[in-house]
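Asks: Just so we're aligned, residue 273 is where the sequence shown starts under this note's numbering, counting upward by one.
The beta-carbon is built from N, C-alpha and C at its ideal position, and this holds for glycine as well.
Note that this is a predicted model, so its numbers are computed, not measured.
One structure, as structure tokens, below. Some questions next.
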Amino acid sequence: MITGRLSHRQPLPCPFRHSRGFIYLQSKEVLKMFWRILTHNPEQAGRLAEEFKLPPLVTRILAARGCTVENTTDMLFPTELHNPLSLKNMDAAVARILAARDKKETVLVVGDYDVDGVSGTVLLTKFFREIGIKPVPFIPTRAEGYGFKPGHADAAERAGASLIVTVDCGVSSRSAVERARSKNIDVIITDHHEPPCNLPRAPIINPKLGGYPFRDLSGTGVAHKVYQAVAKEAGLDPLSYIDLVTLATIADVMPLLGENRAVVTNGLYRLNENPSAGLSALCEAAGVNEVTAEAVAYYLSPRLNAAGRMGDPMLAFDLLFAKEPDKARSLAEKLNRLNYERQEMVNKCLEEATLQVNSQTEALDEIPDFITVVGNWEHGVIGLLASKLAEVYRRPALALSLDGDMARGSARSIPGFDLLSALRLNESILDKLGGHRMAAGLSVKRENIPGLAERLIKHARENITPEMTTRSVEIDATADVNELTVENIKLLNEIMEPCGQGFPAPIVAVEGLCTEAALIGDGKHLRLKVGGLTCIRFNCSEEPGKYLNKKLALAGRPAVNRWNGADYPQMLVQSVRPAGYVSRDTVSKAYSMLKEGKTEKLPELGLKVLEEIGLKEKDRAKLLPAEGRKSLFISPTYQMLGVEKVERRAG
273 MITGRLSHRQ
283 PLPCPFRHSR
293 GFIYLQSKEV
303 LKMFWRILTH
313 NPEQAGRLAE
323 EFKLPPLVTR
333 ILAARGCTVE
343 NTTDMLFPTE
353 LHNPLSLKNM
363 DAAVARILAA
373 RDKKETVLVV
383 GDYDVDGVSG
393 TVLLTKFFRE
403 IGIKPVPFIP
413 TRAEGYGFKP
423 GHADAAERAG
433 ASLIVTVDCG
443 VSSRSAVERA
453 RSKNIDVIIT
463 DHHEPPCNLP
473 RAPIINPKLG
483 GYPFRDLSGT
493 GVAHKVYQAV
503 AKEAGLDPLS
513 YIDLVTLATI
523 ADVMPLLGEN
533 RAVVTNGLYR
543 LNENPSAGLS
553 ALCEAAGVNE
563 VTAEAVAYYL
573 SPRLNAAGRM
583 GDPMLAFDLL
593 FAKEPDKARS
603 LAEKLNRLNY
613 ERQEMVNKCL
623 EEATLQVNSQ
633 TEALDEIPDF
643 ITVVGNWEHG
653 VIGLLASKLA
663 EVYRRPALAL
673 SLDGDMARGS
683 ARSIPGFDLL
693 SALRLNESIL
703 DKLGGHRMAA
713 GLSVKRENIP
723 GLAERLIKHA
733 RENITPEMTT
743 RSVEIDATAD
753 VNELTVENIK
763 LLNEIMEPCG
773 QGFPAPIVAV
783 EGLCTEAALI
793 GDGKHLRLKV
803 GGLTCIRFNC
813 SEEPGKYLNK
823 KLALAGRPAV
833 NRWNGADYPQ
843 MLVQSVRPAG
853 YVSRDTVSKA
863 YSMLKEGKTE
873 KLPELGLKVL
883 EEIGLKEKDR
893 AKLLPAEGRK
903 SLFISPTYQM
913 LGVEKVERRA
923 G
């Protein structure tokens, strides 16, 4: 594999910078982005414009997303909530819950410590109280570990519970179910994780077991289907608690498609019109005036997750369960402080981890193909640490927290690299392992860490391609600057919301002459004026003069800025680079012309790419190497100015 090498004689800069407790990429990363522009059918866009009376910019984006006249309404504004009774084992679960209601039984509700698990535990606790069941919520701390465990059956026995209902966990908990059965305690499992081959002996409600038309519910979403099924029998509103499902769906990064989209659209409306005391207080503490999917993801969820990361997840439970505004405000302030402490802790861990990566890079003379860092870090932040390292360095990353002779680890991958398969090759030296292609958790003996790191680097070197390590942006449409009016942007955002996983916010590319360039916000942010459009790149302190009076190409999210009572169009920039581009076809054409001895009107950028990948020598084309085609992504020019036309990938 070919990677960009860094001289071991030069100090390696930290790729992070601080801003109000957050960590961001250094501004140099802004330029180095490969562009993937979605293709669209012009005829389809025209039909959408005619049918729905929409401007061309909007219909180009809709067509690129796969919208047609026939499916646009269902795709963007789905309303169907599928029948909960179509979930396997739901009849048995409903019957057992109704029996518990009739006998006024005590039920232990066991949830996970993240926002999804906590929200679902609140939902079932409120619901069970509503119908006359005595619920006992139980959320283990991160130190106690994830999942439904045999000890929870003991806790149920101590609480006098005759039934355990899990939320966001339990589908793999055979030993815990058997412990409960030995005590004559029934178990209902509600979970959304991938089921194992050998299932526990209990009614399991999980859309991934088959039979249900939508697989991607959150854990709270699954618990809500149980509520809906009982609500039919009990005469309750099937949309109650949908605010909690919305919170969990966004926080757990579930795709905002199909039933999830219907739930979140409805739930966001309720969160804005009639929020609970707890969520109202949390919005106030976080400075959120309007609850959007973005606000939930970036402002509310981190504060709720801070409880589980930094100590006791029951703080988040208590907030979501609170009815009194004063109590809710007090809890929200506690979570706000915990979140700030979490941010500071992550910042400190990132600085320590960056020094380790720099040291490894100096020793190898290149960035390691698989990053492994080790420290005395809190278990609650190592997942965030691994995510940040993978994001910045574009390499799979493993963060290990030492605990005596053992270490607990959290790993994150990059698109295209199967992380779990790589780790499974090393199961002989691991104590525990679980996860999927993009994320995993493990524990390993301290003495085995060097060998594990070495094996992971070797496997990654053999399987990671230059394309995987190239930062890229997916663009919905190219546009003329004049199309980005306040009216068009407001309409576009109204149609496309809610945006998130599986349905990202629209990204548009424009070109134009940069007539103004300046740093704003105490020098933290870059503002450019291109073709009359204000373009903002937050947390980018590059020298603005390098852009002034240059023709630029920019990709970003269209937005409306309200200033002094008036609305103005602007772009929130993701990538900015010199105008002009090079495609695979451009490079292929240049190579063919060189081979034929044609030297006039050769594509300049295509020639530069050929030279950088070693297929051009003076004015001649070099033969392809014996191993075959070379990756264009080893060319810095192709990484920075490359463009590829692609079809929208599902989800």
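Which whole-angstrom value describes the C-beta separation of R709 and S673, a residue pair presumed to lie in contact below a C-beta threshold of 8 angstroms?
Replies: Taking C-beta atoms under 8 angstroms as the contact rule, R709 and S673 fail to qualify, at a distance of about 23 angstroms.
Asks: Is T311 closer than 9 angstroms to K917 when the C-beta atoms are compared?
Replies: Contact flag set, yes.
Asks: May I ask you to list the residues that DSSP assigns as paired with W307?
Replies: Looking at the DSSP output, W307 shares a beta bridge with V745, V915.
Asks: Considering just the uninterrupted stretch of the beta strand (DSSP E) at A415, what are its terminal residues?
Replies: Careful: A415 lies outside any beta strand (DSSP E) and carries neither H nor E.
Asks: Thinking just about the alpha-carbon of each residue, which of G652, P597, E596, S602 is nearest to the one in R254?
Replies: The requested residue 254 is not part of the displayed model; the chain covers only 273 to 923.
Asks: With 16 as the cutoff for other CB atoms within 10 Å, does S855 come out buried or exposed?
Replies: buried
Asks: Which ranges does the beta strand (DSSP E) cover as unbroken runs of at least 3 residues, wholly within the stretch 523-589, from first to last along the chain?
Replies: none
Asks: Going straight from the alpha carbon of K599 to that of E562, what length do you get?
Replies: 22 angstroms
Asks: Judging by CA-CA distance, which residue of E759, T806, D675, I405 is the nearest neighbour of K376?
Replies: I405
Asks: Let's test the definition: count the other Cβ atoms within 10 Å of the Cβ of W649 and tell me whether it reaches 16, buried, or not, exposed.
Replies: buried
Asks: Who are C807's beta bridge partners in DSSP?
Replies: C807 is bridged by DSSP to L800, M843.
Asks: Rounding to the nearest angstrom, what Cα-Cα distance links P409 and G419 in this structure?
Replies: 14 angstroms
Asks: Three-state secondary structure (DSSP) at I654?
Replies: Helix.
Asks: Considering only the alpha carbon of each residue, which of V494, R446, A495, P485 lies closest to P472?
Replies: Of V494, R446, A495, P485, the residue nearest in Cα terms is R446.
Asks: In terms of alpha-carbon separation, which member of G493, K818, P547, Y910 lies closest to V525?
Replies: G493
Asks: Where does V382 sit, in a helix, a strand or coil, going by DSSP?
Replies: Collapsing the DSSP output to three states places V382 in a strand.
Asks: Give the C-beta separation of N538 and L511 to the nearest angstrom, bearing in mind that I take them to be a contact with Cβ-Cβ under 8 angstroms.
Replies: 7 angstroms
Asks: Classify P770 as buried or exposed, calling it buried when 16 or more other Cβ atoms lie within 10 Å of its own Cβ.
Replies: buried
Asks: Are the beta-carbon atoms belonging to A433 and T344 less than 9 angstroms from one another?
Replies: No. Outside cutoff.
Asks: Under a Cβ-count criterion, where at least 16 other Cβ atoms within 10 Å of its own Cβ denotes burial, should I927 be classed as buried or exposed?
Replies: An answer regarding residue 927 cannot be provided, because it is not within the stretch 273 to 923 covered by the chain.
Asks: Where do the ends of the beta strand (DSSP E) carrying L714 lie?
Replies: 711-717
Asks: From which residue to which residue does the beta strand (DSSP E) around M678 run?
Replies: 678-684
Asks: With a CB to CB cut of under 6 angstroms and the five nearest residues on each side skipped, what residues in its chain are close to I885?
Replies: Only K902, I906, S907 meet the Cβ criterion.
Asks: Determine contact between the stretch 690-710 and the stretch 736-751, defined as no fewer than three beta-carbon pairs at a distance below 8 angstroms.
Replies: The stretch 690-710 is not in contact with the stretch 736-751.
Asks: Since L798 contacts L791 with CB under 8 angstroms, what's their CB separation in whole angstroms?
Replies: 6 angstroms
Asks: Can you tell me whether Q911 is buried or exposed? The criterion is at least 16 other CB atoms within 10 Å of its CB, across all chains shown.
Replies: buried
Asks: Report, in whole angstroms, the separation of the C-beta atoms of Y225 and L800, which I expect to be a contact under 8 angstroms.
Replies: Limits of the chain in this structure are 273 at one end and 923 at the other, which puts residue 225 out of reach.
Asks: Hey, how far is the Cα of M617 from the Cα of N611?
Replies: Roughly 10 angstroms separates the two Cα atoms.
Asks: According to DSSP, simplified to helix, strand and coil, what is G392?
Replies: Assigned with DSSP and collapsed to three states, G392 falls in helix.
Asks: I'd like the list of long-range same chain contacts for A501, defined as Cβ closer than 7 angstroms, with 5 residues on each side in sequence excluded.
Replies: P356, L357, M362, V366
Asks: Classify R266 as helix, strand or coil using the three-state DSSP reduction.
Replies: Limits of the chain in this structure are 273 at one end and 923 at the other, which puts residue 266 out of reach.
Asks: Cβ of K818 within 8 angstroms of any heavy atom in the ligand MG?
Replies: Absent from the structure shown: the ligand MG. Ligands present: none.
Asks: Run through DSSP, which three-state label would I701 get?
Replies: helix
Asks: By the DSSP assignment, the alpha helix (DSSP H) with A425 in it spans what residues?
Replies: Start and end: 422-431.
Asks: Among I522, P585, E788, L714, which residue has its Cα nearest to the Cα of Y385?
Replies: The candidate whose alpha carbon is nearest that of Y385 is P585.
Asks: Contact between the stretch 658-669 and the stretch 682-697 is defined here as three or more beta-carbon pairs at a separation below 8 angstroms; is this criterion met?
Replies: The stretch 658-669 vs the stretch 682-697: in contact.
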